[in-house]
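Be aware that the sequence shown starts at 1, since it is given in this note's numbering, and climbs by one per residue.
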Amino acid sequence: MPDLILFNGKLATQDPNFPDATALALRDGSILAVGYDDETRLLAQSHTQCIDLGGRRVLPGLVDSHFHFYDWALGQRGLSLTDTPSLDDVREQVRQATHKVVSGQWIVGQGWNENAWPHPKLPDRADLDDLTPDNPTILWRTDLHLAWVNSRALQVAGITASISDPDMGVIDRGESGQPTGILRELAINLVRRVIPPPTTDETESAMRKAIADAHRLGLTGVHDMRIMGGEDGPPAFRAWQRLRSEKELDLRVWMMLPGERLSEVIALGLRTGFGDDHLRVGGIKLFADGATGPRTAWMLEPFEDAGSGMPLTPLDEIAEIISRAHRAGISTSIHAIGDRAVRELLDVFAEVLPRQGGDVRPLAPHRVEHVQHSHPADLKRLAPLGLVASVQPIHATDDMAMMDHACGDRTRLAYAFRDLLNTGTVLSLGSDCPVASPNPFWGIHAAATRQRRDGTPPGGWRPEQRLTVTEAVWGYTMGPAHAAGLSARQGSLTPGKLADLIVLDRDIFAIPPREIYDAQVLLTIFGGRAVFHAVGFGD
Ligand SMILES: [Zn+2]
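In structure tokens form, the structure reads like this:
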């Protein structure tokens, strides 16, 4: 008999056998029945709680398939520089932060983007030094592929004119060879590793708060990515496990492991899918190239204002990693943003996958992260190789001006979600939070309109690549379930699946798509239990 019955709702089940329904019954964390009000309410027993949904729209719990959860959770302790309108504004926030720290203590922040400033020029250490002579300071750019540090941070990290660039990283230098304070890609880790780590308690309370924030946004799961260099891996994995053992992990976490650790993963016998319904080992994450913002994405043709970017992991190494991982039952998840990176990576998959035995495939498909620029000849190659495209619609609307600047006319093939879908590719949607907002309704809005939330540009940016709202919702529900090999457990409101669902204040399928970004979650149910409800709803 059910613990909870929800009725008088408008369910978009994502189950093609039963796409619409009005009621569902939940028991022991799973979905017992999906149907119409009368038949479902007949299942009620004396202890069954019943909630009248008042005709509201119901979706399966949303899953973000590209999320840096640990960085997001801990980043909220530092300065949030997202949407800062100018360098002066950032400086003002840093100035205020100096009042809250003692001498020698770090000031950490993230989210600035010089392209949004009146003078879109990269800042340097001098822009921080007068404010922070005694406090090492690091401020990540919004894409996390570039960081801005002050002289004190350079000094603490031992970065001088005589030090050479690390592998896969660049220390920007002035004319005299002195570091400017801008660090790219893995050069950031030279500083990152000298920042004192948060305590266990700090980490746990930040993660707990972030899980609650996720529920408020309608997220019941994340595919948790690793930062390049993988140094966030162990503390994040430990924190997830502690929360799990304390029964506080009300989130479906699919945990990526750093690609650099493949040998250890194989030596331990870990496979993709190990874990339980709360916390599972996903695949390994590695990087084929950089990002468009810092012009480190690897392109077939040069950027309009820079070179052609660069590969971050040599292709023969990627080929070796994919084949070893595949044979060991481990999925790979490979960041490829530039069209050259996408093409070379597809060549590697096409070369490597057919050579593996059929009996050893991982439980989840391999996937390509971002697929931001792609040549038309390459778009159709993902589906036949069984590759999932993990894409972030909100990047398209956040970055359209920068993309036009970097790529000119070639942006007609940027974020080509419609073309990818038309070739039969499974799209799994996400935000890349904290690179972009984690709000999934902002993602659905961006996918369906290709417009910013202020309605610009009219008609949408490259609107031929729009998805429908239905397709975008699928990309936040069944898409991630497919990507994790969990389509029998998650992703739709189907009897036997996990009871994760959300109730919305408006019907996102019926309203004009431009209004979707403002949708609010009224109720989030995780594992059959309400983990968030808006004031006054469902009490
Ligand atoms: Zn990412």
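Idealized CB from N, CA, C, for every residue including glycine.
Note that the structure is a prediction, hence the values are computed from the model and not measured.
Burial state of M1 (16 or more Cβ within 10 Å):
Here the question's residue 1 lines up with position 1 in the sequence shown. Per the 10 Å Cβ criterion, exposed.
So the beta strand (DSSP E) Q110 belongs to, where does it begin and stop?
Along the sequence shown, one-based indexing puts residue 110 at 110. From DSSP, the beta strand (DSSP E) with Q110 extends over I107 to W112.
Assuming A499 is part of the beta strand (DSSP E), what are its boundary residues?
Here residue 499 refers to the residue found at position 499 when the sequence shown is read from its first residue. Taken as a continuous stretch (DSSP letters only), A499 belongs to no beta strand (DSSP E), as it is neither H nor E.
Run the proximity test for M225: is its beta-carbon closer than 7 angstroms to any non-hydrogen atom belonging to ligand 1?
Mapped onto the sequence shown, residue 225 falls at position 225. Yes, the Cβ of M225 comes within 7 angstroms of a heavy atom of ligand 1.
DSSP state of D409 mapped onto helix, strand, coil:
By 1-based counting over the sequence shown, the position of residue 409 is 409. Correct three-state label for D409: helix.
Outcome for K247 when other beta-carbon atoms lying within 10 angstroms are tallied against a minimum of 16
Along the sequence shown, one-based indexing puts residue 247 at 247. By the neighbour-count definition (other C-beta atoms within 10 Å, threshold 16), K247 is an exposed residue.
Is H66 near ligand 1, in the sense that its beta carbon is under 7 angstroms from a heavy atom of that ligand?
The residue given as residue 66 occupies position 66 in the sequence shown. Because some heavy atom of ligand 1 lies under 7 angstroms away, the Cβ of H66 counts as near it: yes.
Measuring only the C-alpha atoms, how far is M207 from R226?
Numbered from 1 along the sequence shown, position 207 holds the residue referred to as residue 207. Numbered from 1 along the sequence shown, position 226 holds the residue referred to as residue 226. About 16 angstroms.
If we ignore side chains and look at the alpha-carbon of each, how far apart do L6 and R280 end up?
In the sequence shown, residue 6 corresponds to position 6, counting from 1. In the sequence shown, residue 280 corresponds to position 280, counting from 1. About 29 angstroms.
Evaluate the contact criterion for the stretch 49 to 65 versus the stretch 10 to 22: three or more CB pairs, one atom per stretch, below 8 angstroms.
The stretch 49 to 65 is in contact with the stretch 10 to 22.
Find out if the Cβ-Cβ distance for the pair G307, A297 is shorter than 8 angstroms.
Position 307 of the sequence shown, counting from 1, holds the residue named residue 307. Position 297 of the sequence shown, counting from 1, holds the residue named residue 297. No, the Cβ-Cβ distance between G307 and A297 is not below 8 angstroms.
Could you check whether the Cβ of V435 sits closer than 7 angstroms to any heavy atom belonging to ligand 1?
Along the sequence shown, one-based indexing puts residue 435 at 435. Yes, ligand 1 has a heavy atom inside 7 angstroms of this Cβ.
Closest by C-alpha distance to T200, when choosing among T180, Q241 and G169:
Along the sequence shown, one-based indexing puts residue 200 at 200. Out of T180, Q241 and G169, Q241 has the C-alpha closest to the C-alpha of T200.
Identify the continuous alpha helix (DSSP H) that holds V191 and give its terminal residues.
Counting from one through the sequence shown, the residue named residue 191 turns up at place 191. That run of the alpha helix (DSSP H) goes I188 to R192.
Just curious, the beta strand (DSSP E) that I525 is in, first and last residue?
In the sequence shown, residue 525 corresponds to position 525, counting from 1. Per DSSP, I525 belongs to the beta strand (DSSP E) from V521 to F526.
Cross-strand partners of E185 (DSSP beta bridge)
Walking along the sequence shown from the start, residue 185 turns up at place 185. Looking at the DSSP assignment, E185 forms a beta bridge with G169.
Flag this pair as yes or no: are the beta carbons of A328 and R271 separated by less than 8 angstroms?
For the purposes of this step, residue 328 is taken as residue 328 along the sequence shown, with counting starting at 1. For the purposes of this step, residue 271 is taken as residue 271 along the sequence shown, with counting starting at 1. The Cβ atoms of A328 and R271 lie closer than 8 angstroms to each other.
How long is the line joining the alpha carbons of L541 and T332, rounded to whole angstroms?
The chain is shown from 1 up to 539; residue 541 falls before or after that span and cannot be answered.
Using a Cβ-Cβ cut-off of 7 angstroms (strictly less than) and excluding sequence neighbours within five positions of G455, which residues of its own chain qualify?
Taking the sequence shown and counting its residues from 1, the one referred to as residue 455 is at position 455. Listed in chain order, the non-local C-beta contacts of G455 below 7 angstroms within the same chain comprise R514, local neighbours out to five positions each way being set aside.
V368 beta carbon less than 8 angstroms from that of L382
The residue you call residue 382 lines up with position 382 of the sequence shown. The residue you call residue 368 lines up with position 368 of the sequence shown. Yes, the Cβ-Cβ distance between L382 and V368 is below 8 angstroms.
N-terminal and C-terminal residue of the alpha helix (DSSP H) that E202 is part of:
Counting from 1 along the sequence shown, the entry for residue 202 is found at position 202. Note, E202: alpha helix (DSSP H), T200 to R216.
D432 Cβ short of 7 angstroms to ligand 1 heavy atom set:
Counting from 1 along the sequence shown, the entry for residue 432 is found at position 432. It does: the Cβ of D432 is within 7 angstroms (strictly closer) of some heavy atom of ligand 1.
Thinking just about the alpha-carbon of each residue, which of L131, L268, H119 and L249 is nearest to the one in T84?
Indexing the sequence shown from 1 puts residue 84 at position 84. The shortest CA-to-CA distance from T84 to any of L131, L268, H119 and L249 is the one to H119.
So what's P302 in DSSP terms, helix, strand or just coil?
Residue 302 sits at position 302 when you count from the first residue of the sequence shown. Of the three classes helix, strand and coil, the one that applies to P302 here is coil, per DSSP.
Should E185 go down as buried or exposed, given a rule of 16 or more other Cβ atoms within 10 Å for buried?
Taking the sequence shown and counting its residues from 1, one reaches residue 185 at position 185. Classification of E185: buried, given that the 10 Å Cβ count is 16 or more.
Tell me the rounded alpha-carbon separation between E471 and A214.
Residue 471 sits at position 471 when you count from the first residue of the sequence shown. Residue 214 sits at position 214 when you count from the first residue of the sequence shown. The straight-line gap from Cα to Cα measures roughly 22 angstroms.
Of all the options D305, A33 and H99, which has the alpha carbon lying nearest to the alpha carbon of M403?
Translated into the one-based positions of the sequence shown, residue 403 becomes position 403. Measuring C-alpha to C-alpha distances from M403 to each of D305, A33 and H99 identifies D305 as the nearest.
Between the stretch 431 to 438 and the stretch 470 to 487, do three or more beta carbon pairs fall short of 8 angstroms?
When Cβ pairs closer than 8 angstroms are counted between the two stretches, the stretch 431 to 438 is seen not to touch the stretch 470 to 487, the count staying below three.
Of the residues H66, Y36, P19 and Q49, which one's Cα is nearest the Cα of L429?
Walking along the sequence shown from the start, residue 429 turns up at place 429. Nearest option by C-alpha distance: H66.
State the start and end residues of the unbroken beta strand (DSSP E) segment that holds R280.
Working through the sequence shown from its first residue, we reach residue 280 at position 280. DSSP places R280 inside the beta strand (DSSP E), whose first and last residues are L279 to F287.
Going by C-alpha distance, which of V371, E351 and D64 is nearest V222?
The residue you call residue 222 lines up with position 222 of the sequence shown. V222 has its Cα closest to that of D64, out of V371, E351 and D64.
Quickly, what does DSSP pair T332 with across the bridge? List them, please.
By one-based count along the sequence shown, residue 332 stands at place 332. Looking at the DSSP assignment, T332 forms a beta bridge with I284.
For the beta strand (DSSP E) that contains H370, what are its first and last residues?
Stepping through the sequence shown from its first residue, residue 370 is reached at position 370. Residues R367 to H370.
Cα-Cα separation, L146 to A21:
As a working note, residue 146 is residue 146 in the sequence shown. As a working note, residue 21 is residue 21 in the sequence shown. Between the alpha carbons of L146 and A21 lies a distance of about 47 angstroms.
Report the residue ranges of all alpha helix (DSSP H) runs contained in full by the stretch 12 to 57; include only those spanning at least 4 residues, in chain order.
37 to 41, all fully within the stretch 12 to 57.
C-alpha gap between H373 and D89, whole angstroms:
Translated into positions along the sequence shown, residue 373 becomes position 373. Translated into positions along the sequence shown, residue 89 becomes position 89. Answer to the nearest angstrom: the Cα atoms are 32 angstroms apart.
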